[in-house]
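Just so we're aligned, residue 0 is where the sequence shown starts under the numbering used here, counting upward by one.
Structure record follows, encoded as structure tokens.
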Amino acid sequence: MNPILRGRGFSLIEVMVVLVIVGIASAAISVSVTPNAADTLRLDARELAARLSAAQHEARLDGRVIVWQPLGDGYAFARGTWTAVPGSVVPAVSTAGELDRFAGDDALRPRRWRAGEVEVAPAAPLRLTSEWIGAPLRLTLRHGADAVVIERDAAGAFRVP
Numbered sequence: 000m001n002p003i004l005r006g007r008g009f010s011l012i013e014v015m016v017v018l019v020i021v022g023i024a025s026a027a028i029s030v031s032v033t034p035n036a037a038d039t040l041r042l043d044a045r046e047l048a049a050r051l052s053a054a055q056h057e058a059r060l061d062g063r064v065i066v067w068q069p070l071g072d073g074y075a076f077a078r079g080t081w082t083a084v085p086g087s088v089v090p091a092v093s094t095a096g097e098l099d100r101f102a103g104d105d106a107l108r109p110r111r112w113r114a115g116e117v118e119v120a121p122a123a124p125l126r127l128t129s130e131w132i133g134a135p136l137r138l139t140l141r142h143g144a145d146a147v148v149i150e151r152d153a154a155g156a157f158r159v160p
């Protein structure tokens, strides 16, 4: 073929090979970026440990018991509200009626698990009091075959080992 008439540019085969290589590279990157269920559950556990710690500090500062309740697809914190006592200047905490569910508090508002449906053991509500020394605690979060433990030591510090 005459060099002057030969076209300049890429052939169809060359373009197709480059597109296949780019497609394989993007698929490999997207697979490696997607978090697995165990990592998502561990992230949920770390966030919960931080929120339980914040709730423990709030209970110590405020004096009202805060209850953490697992809800299957998430969890919520609640505490009693201050009510006036007739004939007294000191209010009392009441759990009758509307509870404070921390709707305006970004740290303690109700949350959903990122991992989906999570089983918590023990499933009973957790009471966080103003006491500085409490019994050690172990919460286990399960999602499918994955499990993560949250521990509280006697000083009230929460951690994910």
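The beta-carbon is built from N, C-alpha and C at its ideal position, and this holds for glycine as well.
Here the structure is a predicted model, which means the values were calculated and not measured.
**Cβ-based burial, Asp152 [other Cβ within 10 Å; buried from 16]** = So Asp152 counts as exposed.
**Request:** Find the nearest neighbour of Leu138 within the set Asp105, Ile20, Thr94, Pro124, judged by alpha-carbon distance.
**Result:** With distances taken between Cα atoms, Leu138 lies closest to Pro124.
**Asked** If you run the structure through DSSP and keep just helix, strand and coil, what is Gly133?
**Response** coil
**Stretch-stretch touch, CB-based, cutoff 8 Å, three pairs: the segment 111-120 with the segment 89-100** = no
**Pairwise C-alpha distance: Met15 and Ala156** = Within the model, the alpha-carbon separation for Ala156 versus Met15 is close to 58 Å.
**Straight-line Cα distance separating Tyr74 from Arg110** = Their backbone Cα atoms lie some 6 Å apart in a straight line.
**Prompt:** Per the contact definition of three or more C-beta pairs closer than 8 Å, is the segment 50-70 in contact with the segment 19-29?
**Reply:** Output reads no: the segment 50-70 does not touch the segment 19-29.
**Asked** Under the three-state reduction of DSSP, which class applies to Val66: helix, strand or coil?
**Response** strand
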